[in-house]
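Everything below concerns the one structure shown next.
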Amino acid sequence: MAKNLVKTAGLLLVINIAVKLLGFIREIVIAKGFGASSYTDAYLAAYTIPYLLQAILGYAFVSAVLPLLSECWQESGDNSRTFRLGSSLINITAAGMLLLSIIGIAASPALVWLVAPGLPRETAALAAGLARIIFPSMIFMSAGMVISGVLNSRYRFGAAAIAPGLTSLAIILAVAWIAPGNIYALAWATFIGFIAFFLVQLIDLPATGFRYRLVFSLGDPAIRRVFADLLPIVAGLSVNQIYTVVNRIFASSLAEGSISALNYAAKLMNLPLGIFVAAVTTAVFPALAELAQKRDSARLRGTVQRGLSLVLLFAVPAAAGLMLLDYEIVRLLFERGSFSAADTGITAAALMPMAPGLIFLAMSMLLMRVCYALRDVRSPLITGGLSIIVNIGVSFLLVGPMGHAGLSLANSIAAAVHALLLFLILQRRLDLLRDRYVRRSLWQIILATLIMSLPVALIGRLWPHVSTKSGLALELLLLIGVAVAVYLLALKLLHCQALGEILSELSRKERRNRDD
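Following our numbering, the residues of the sequence shown are numbered contiguously, the last one being 985.
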């Protein structure tokens, strides 16, 4: 199981890097064309609700659908029930999103006010117009995410991993070449991108043996169970997105560009989440569902331990790197065109206190999926609700003295509460600390990260100030290279087992390539 986890996560890692690279090119293109301005504030406000549905409902369907279909594939000699259930979920979801899209288009001014009540009148009107274009994309996005659940239940990850990159590609083409400077082109590209997101997965569906049927099966108990579980799963998975909404509500009354600065900082923090952590959680979830269904507690515990160690192996040094190099990273990636040096400053100020939350968000991403594999939808719901209360309270306390940086810090504190509560619940159920694997990995990773941070901080302090982008790129390349080398060496000297499993898989792959 550990070998398969590392191998699958490695393949997804490569795809995720390419997709996230496209995503960052998308953000750079948007930043160059519009900066941290009222145009980007309007687009982000318009995209907030579709984005929430994409990030929450989409992954909620995967979390609810995958354990059910995994069970059906294992237990049913005749797959006709699996085909009927999967098709019904796709059809019901598309029909429901069609209705929500119509409502969203009709109520777009009120919805914009709900997510960003402090926007100026002209910006709010622009946001409402953009929202009317973007809302129908929810149909294709949600149906595509259900198909992702079907594909993942058969251990097919490629199309679902590639699909988000097509949305980014559509935006890049529109903003950089087709209609530069046109904010409506950005909205239309978002819509077209989600159509491509849906189609690339639909094309891969027959490879699983799945046969689509135009059925709804609303009376099937399994369908009712999925939708009964959906609301608490949505609430549990919505935590990070609700942090974003809280940020935008508080930041809409701050200086112009505060919403955009928080958004760009969150994009940077989400990069390692979307590349490394998503690779591990996506690879491990079907195995978790299968082991939970078989009631194999020992192997389930071992899979969770290794998954958590792999998540922390990437998340802890990534958080440290974002904290140490916040200004340099923002300046290199975004400071061009309409994105000014002042925009760099306010974005870096948001990134620094937001970065520690990366560690706890990474833990939560894995631990929530463990709960869903165990068919426990209440624990993520309760812990997520408590963390949102913490986020709102701390945001209220910090937004006055710290501005938008206080909102970032509130996110990190709330994320820590969420992750630690989930871990305590699963510790009671699975005894994750039973054989010291997680504890040993954690202290090794923290110690290696501290060792890594010392030369990075020292070189960064001694390195002369550079005004050119090429000089800044060289500085960051050197610092990141030193950080990676020192971190891996420290882990090797500390005999980190999680790193050893990765190196063993790479060694086996190299031997296979030589044999071929």
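Just so it is clear, CB atoms sit at the ideal spot from N, CA and C, and this is done for glycine as well. The structure displayed is predicted, hence computed values, not measured ones.
Kindly confirm or deny that the stretch 743 to 755 and the stretch 479 to 496 touch, where touching means at least three C-beta pairs closer than 8 Å. yes
Grouping DSSP H, G and I as helix and E and B as strand, with all else coil, what is GLY589? For clarity, residue 589 is Pro in the given sequence; the question names Gly instead. Residue state, collapsed to three classes: coil.
If you drop the 5 nearest sequence neighbours on each side, which residues of the same chain put their C-beta closer than 7 Å to that of ILE861? VAL715
In angstroms, rounded to a whole number, what distance separates the CA positions of LEU972 and ARG625? 24 Å
With three or more C-beta pairs closer than 8 Å as the rule, is the stretch 749 to 768 touching the stretch 875 to 892? no
Give the list of continuous alpha helix (DSSP H) stretches no shorter than 4 residues that lie fully inside the stretch 925 to 961. none
Distance between ALA756 and ASP845 (C-alpha atoms, nearest Å): 16 Å
Cβ-based burial, ARG908 [other Cβ within 10 Å; buried from 16]: exposed
According to the Cβ coordinates, are LEU827 and LEU957 closer than 8 Å? no
Does the beta carbon of ILE702 come closer than 8 Å to any beta carbon on chain B? No chain B is part of this structure, which consists of one protein chain only.
So ARG847 is in the alpha helix (DSSP H); what residue range does that whole segment cover? 847 to 871
Taking all protein chains shown into account, do 16 or more other C-beta atoms lie within 10 angstroms of the C-beta of GLU725, making it buried, or fewer, making it exposed? exposed
Let me know the secondary structure DSSP gives ALA684 once reduced to three states. Contrary to the premise, residue 684 reads as Val rather than Ala in this sequence. The answer is coil: DSSP assigns VAL684 none of H, G, I, E or B.
Just the C-alpha distance for LEU568 and LEU526, rounded to the nearest angstrom, thanks. 15 Å
As a quick exercise: from ALA639, GLY613 and LEU638, pick the residue whose alpha carbon is nearest that of ALA628. GLY613
So, are the CB atoms of SER833 and HIS887 less than 8 Å apart? yes
Flag this pair as touching only if the stretch 494 to 512 and the stretch 640 to 649 have three or more C-beta atom pairs under 8 Å; answer yes or no. yes
Between the stretch 903 to 917 and the stretch 781 to 791, are three or more C-beta pairs nearer than 8 Å? yes
Just verifying my parser: in three-state terms, what is the DSSP assignment at CYS840? helix
Is the beta carbon of LEU987 less than 8 Å from the beta carbon of GLN670? Since the first and last residues shown for the chain are 470 and 985, residue 987 lies out of range.
Does the stretch 599 to 614 come within contact of the stretch 515 to 522, defined as at least 3 CB pairs closer than 8 Å? yes
Distance between VAL584 and ALA952 (C-alpha atoms, nearest Å): 39 Å
What residue does the alpha helix (DSSP H) around ALA810 start on, and which one ends it? 810 to 823
I'd like to check one pair, ILE915 with VAL785: are the Cβ atoms closer than 8 Å? yes
Tell me whether ALA579 is buried or exposed, calling it buried when 16 or more other Cβ atoms sit within 10 Å of its Cβ. exposed
Would SER557 be called buried (16 or more neighbouring beta carbons within 10 Å of its own) or exposed? buried
Can you list, in chain order, the residues of its chain whose CB lies under 7 Å from that of ASP510, leaving out five sequence neighbours each side? LEU588, THR592, ILE728 and SER729
Considering just the uninterrupted stretch of the alpha helix (DSSP H) at ASN716, what are its terminal residues? 708 to 720
Note down, in chain order, each residue of its chain lying with its Cβ closer than 8 Å to the Cβ of SER856, except the 5 sequence neighbours on either side. VAL708, ALA883, ALA884, VAL886, HIS887 and LEU890
Output the distance between the C-alpha atoms of ALA471 and GLY678, rounded to the nearest integer angstrom. Its pLDDT being 47, under 50, ALA471 is placed unreliably by the model, and the measurement read from it follows with that caveat. The alpha-carbon atoms of ALA471 and GLY678 are separated by roughly 27 Å.
When you compare only the Cα positions, how much space is there between LEU793 and LEU945? 11 Å
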